[in-house]
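In this text, residue positions in the sequence shown follow this note's numbering: the first is 11, and each later residue adds one. No residue lacks a Cβ here, since even glycine has one placed at the ideal position from N, Cα and C.
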Amino acid sequence: IDALKSAGQEVNTWRLGEHMIAKTVCRHAVKANDLLAGPELEKLVEDLRHCKMPYTCPHGRPTLIEMNLRELEKKFGRIQ
Numbered sequence: 011i012d013a014l015k016s017a018g019q020e021v022n023t024w025r026l027g028e029h030m031i032a033k034t035v036c037r038h039a040v041k042a043n044d045l046l047a048g049p050e051l052e053k054l055v056e057d058l059r060h061c062k063m064p065y066t067c068p069h070g071r072p073t074l075i076e077m078n079l080r081e082l083e084k085k086f087g088r089i090q
């Protein structure tokens, strides 16, 4: 904060705090290619169900995607 102020930058401490929390949460989050056991997966889904904002991560990236049955069947090579 002091470095920003000395550089003449306006400091929004609320936004800075949000950014720091989001960064910390992201660092400790489950990442792509992390291997999870059944109970860990169940807890992850259950935790997501109880979130106030379950549709995006703290940085705004989506946590869920919508896919119809046809798209799902294509992904698994059942249809072309």
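Checking 7 angstroms against the spacing of the C-beta atoms, do E83 and I89 come in under that value?
yes
Would a C-beta distance cut-off of 7 angstroms place V35 and P68 closer than the cut-off?
yes
Selected residue, minimal CA-CA separation from T73, among A47, R59, L79
R59
Closer than 8 angstroms by C-beta to R80: which residues in its own chain qualify, once you throw out the five before and the five after it? Chain order, please.
I89
Just verifying my parser: in three-state terms, what is the DSSP assignment at P68?
coil
Which of helix, strand or coil does DSSP assign to V21?
coil
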